[in-house]
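Sequential numbering from 1 applies to the sequence shown in the UniProt record's numbering.
Here is the structure we will look at, set down as structure tokens.
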Amino acid sequence: MKFGEMFTEYRHGEEEWFLEKCRYVEYKKLKKVLKKCKTCKSTTRSDDESATSLSDSFQCQSCPLCDQMFFEELMKEASDIAGFFKSRVRHLLHLHVATGMQRCMMRLRRCFADEKQALIHEGHILIQYITMNAIAIRKILKKYDKVHGSENGKNFKLKMRAERIELLHSPWLIELGAFYLNSGLDKVGNFKNSFGRVSCGNLNEDQPVMKLMLPNSIELEFDLTCAICLETVFNPYALKCGHIFCKACACSFASVMIFQGVKAASQCSKCPICREVGVYEEAVHMIELQLLLKIRSKEYWKERMMGERSEMVKQSKMFWNEQTMQMIGY
Ligand SMILES: [Zn+2]
Ligand SMILES: [Zn+2]
Ligand SMILES: [Zn+2]
Numbered sequence: 001m002k003f004g005e006m007f008t009e010y011r012h013g014e015e016e017w018f019l020e021k022c023r024y025v026e027y028k029k030l031k032k033v034l035k036k037c038k039t040c041k042s043t044t045r046s047d048d049e050s051a052t053s054l055s056d057s058f059q060c061q062s063c064p065l066c067d068q069m070f071f072e073e074l075m076k077e078a079s080d081i082a083g084f085f086k087s088r089v090r091h092l093l094h095l096h097v098a099t100g101m102q103r104c105m106m107r108l109r110r111c112f113a114d115e116k117q118a119l120i121h122e123g124h125i126l127i128q129y130i131t132m133n134a135i136a137i138r139k140i141l142k143k144y145d146k147v148h149g150s151e152n153g154k155n156f157k158l159k160m161r162a163e164r165i166e167l168l169h170s171p172w173l174i175e176l177g178a179f180y181l182n183s184g185l186d187k188v189g190n191f192k193n194s195f196g197r198v199s200c201g202n203l204n205e206d207q208p209v210m211k212l213m214l215p216n217s218i219e220l221e222f223d224l225t226c227a228i229c230l231e232t233v234f235n236p237y238a239l240k241c242g243h244i245f246c247k248a249c250a251c252s253f254a255s256v257m258i259f260q261g262v263k264a265a266s267q268c269s270k271c272p273i274c275r276e277v278g279v280y281e282e283a284v285h286m287i288e289l290q291l292l293l294k295i296r297s298k299e300y301w302k303e304r305m306m307g308e309r310s311e312m313v314k315q316s317k318m319f320w321n322e323q324t325m326q327m328i329g330y
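The following block contains the structure:
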């Protein structure tokens, strides 16, 4: 089956009630734009073989016929999709953490199991949503490059990455993967009767990774090493740029104390990896990933927990000493 048909089928399938509320890639519409451009070009060529200058202009790096419609539209769609995905996953995981805390109170209630089932089902829908749209974007960009003989599609991908809207690079996808593993599941998203898969090996190894296998041979590997301490991230925070660090490491890099938190970092603090500024304020606390570490590598988790606590005590002592000294005027 062609992807276009598959995408249409997906959009009008079981999850139509969900998809009605959100944006998706207008695959068909974008394809039509390309088709029109293609026919336009071939007629120009056959009309006047000698007008090489005209057909040459199509080989250049921009296409007056479709660029504005195409890239502007796609950028808007991708940014809406990424935003929608983020807010839905955040909501879903918030519910999960909340139910975890209320578990003792809820134990007597039967509805707990059903609620969890509902969360898992919604997780499936969200992974399908982000994957199908990501595939649609990849396919349409490839088509664009094929029609135009250009690299604009490829470059656009880089631009998407720079704008933080590359759909499959979201830290929320890692959180969702961790949520599945924490629930004892390795199947994610239901794609036409086949499932995507999530796995992670021993998290306390040299190269801790989480792997996501999705349809269309999309294999994602998320490195869970902190680039500062070179160990598995503990109490992880994803900065706005998507890079993940231990809370303690990010705080010390940005010269704030652990108890003040990552978000207290100043506007001009840079990401240790990509050197971008202004990335701390919207940092995401990766609660599911932290829970995964606690479940999978208990000893490591304990060790790091104690390390973080004692560092925190040391820092607050220092902080209060300074405050008192200032107050009594030393
Ligand atoms: Zn064109
Ligand atoms: Zn670290
Ligand atoms: Zn970064």
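In this text, a Cβ means the ideal position worked out from N, Cα and C, and glycines have one as well.
May I have the straight-line CA-CA distance separating residue i from residue j, to the nearest angstrom?
i: Met-1; j: Ser-217; result: 16 Å
i: Asp-114; j: Glu-276; result: 43 Å
i: Ala-248; j: Val-262; result: 8 Å
i: Lys-294; j: Met-312; result: 20 Å
i: Cys-268; j: Val-188; result: 38 Å
i: Gln-59; j: Ile-140; result: A caution first: Gln-59 carries a pLDDT of 48, below 50, which makes its placement in the model unreliable, though a value can still be read off. Whole-angstrom Cα-Cα distance: 18 Å.
i: Phe-3; j: Cys-22; result: 20 Å
i: Tyr-300; j: Met-213; result: 27 Å
i: Leu-173; j: Thr-8; result: 24 Å
i: Ile-137; j: Lys-298; result: 40 Å
i: Ser-183; j: Glu-288; result: 10 Å
i: Tyr-24; j: Glu-219; result: 22 Å
i: Met-75; j: His-285; result: 27 Å
i: Val-97; j: Glu-231; result: 25 Å
i: Lys-29; j: Leu-65; result: 14 Å
i: Ser-57; j: Cys-200; result: With a pLDDT of only 43 at Ser-57, under the threshold of 50, the placement of this residue in the model should not be trusted; the figure read from the coordinates follows. Rounded to the nearest angstrom, the two C-alpha atoms are 49 Å apart.
i: Ala-227; j: Tyr-280; result: 16 Å
i: Ser-310; j: Asn-235; result: 15 Å
i: Lys-270; j: His-12; result: 44 Å
i: Gln-326; j: Gln-290; result: 37 Å
i: Ala-162; j: Glu-303; result: 36 Å
i: Tyr-144; j: Met-132; result: 18 Å
i: Glu-5; j: Tyr-129; result: 16 Å
i: Glu-176; j: Phe-253; result: The sequence given here places Leu at residue 176; Glu does not occur at that position. Going by the C-alpha atoms only, they are around 27 Å apart.
i: Asp-186; j: Asp-223; result: 18 Å
i: Phe-84; j: Asp-206; result: 35 Å
i: Met-305; j: Tyr-27; result: 47 Å
i: Ser-55; j: Phe-191; result: Bear in mind that a pLDDT of 44 at Ser-55, under 50, signals an unreliable position, so the model cannot answer this.
i: Leu-95; j: Leu-34; result: 43 Å
i: Pro-208; j: Thr-324; result: 43 Å
i: Asn-193; j: Ser-266; result: 48 Å
i: Phe-179; j: Asp-80; result: 23 Å
i: Val-147; j: His-121; result: 39 Å
i: Glu-20; j: Leu-167; result: 19 Å
i: Ala-238; j: Ala-283; result: 5 Å
i: residue 345; j: Ala-264; result: Beyond the ends of the chain as shown, which are 1 and 330, falls residue 345; an answer cannot be given.
i: Asn-202; j: Lys-211; result: 12 Å
i: Gln-68; j: Ile-127; result: 30 Å
i: Leu-181; j: Ile-135; result: 24 Å
i: Ser-50; j: Cys-63; result: Any reading at Ser-50 needs caution, since the residue's pLDDT is 41, under 50, leaving its predicted position unreliable; the model's value is listed next. Taking the straight line from one Cα to the other gives about 21 Å.
Assuming residue i is part of the alpha helix (DSSP H), what are its boundary residues?
i: Phe-316; result: Checking the sequence shown, residue 316 turns out to be Ser, not Phe. Taken as a continuous stretch (DSSP letters only), the alpha helix (DSSP H) holding Ser-316 covers 298-327.
i: Asn-204; result: Careful: Asn-204 lies outside any alpha helix (DSSP H) and carries neither H nor E.
i: Gly-153; result: 152-162
i: residue 340; result: Because the chain here runs from 1 to 330, residue 340 falls outside it and cannot be looked at.
i: Glu-14; result: Looking at the DSSP string, Glu-14 is not in any alpha helix (DSSP H), and its letter there is neither H nor E.
Per DSSP, residue i forms a beta bridge with which residues?
i: Ser-194; result: Phe-191
i: Ala-227; result: According to DSSP, which records beta bridges pairwise, Ala-227 is partnered with nothing at all.
i: His-285; result: Tyr-237
i: Val-277; result: Lys-270
i: Cys-200; result: Met-210
i: Thr-232; result: Thr-225
i: Glu-219; result: Met-213
Which residue marks the beginning of the beta strand (DSSP E) containing residue i, and which one marks its end?
i: Phe-245; result: 244-246
i: Pro-236; result: 236-238
i: Met-213; result: 209-214
Is any non-hydrogen atom of ligand 5 found closer than 7 Å to the C-beta of residue i, if you look at the structure I gave you?
i: Lys-142; result: With respect to small molecules bound, the structure shown includes ligand 1, ligand 2 and ligand 3 and not ligand 5.
With distances taken from each beta carbon to the nearest heavy atom of ligand 3, which residues come in below 7 Å, in chain order? Leu-239, Cys-241, Gly-242, His-243, Cys-271, Ile-273, Cys-274, Glu-276 and Val-279
Which residues, in chain order, sit with a beta-carbon under 7 Å away from any heavy atom of ligand 2? Cys-226, Ile-228, Cys-229, Glu-231, Val-233, Phe-234, Phe-245, Cys-246, Ala-248 and Cys-249
Listed in chain order, which residues are found with a beta carbon closer than 5 Å to a heavy atom of ligand 1? Cys-37, Cys-63, Leu-65 and Cys-66
Would you check if there are 3 or more beta carbon pairs closer than 8 Å linking the region 144-158 to the region 251-261? no
Using 8 Å as the cut-off, can you tell me whether the region 316-323 makes contact with the region 237-253, which would need three or more C-beta pairs spanning the two stretches below that distance? no
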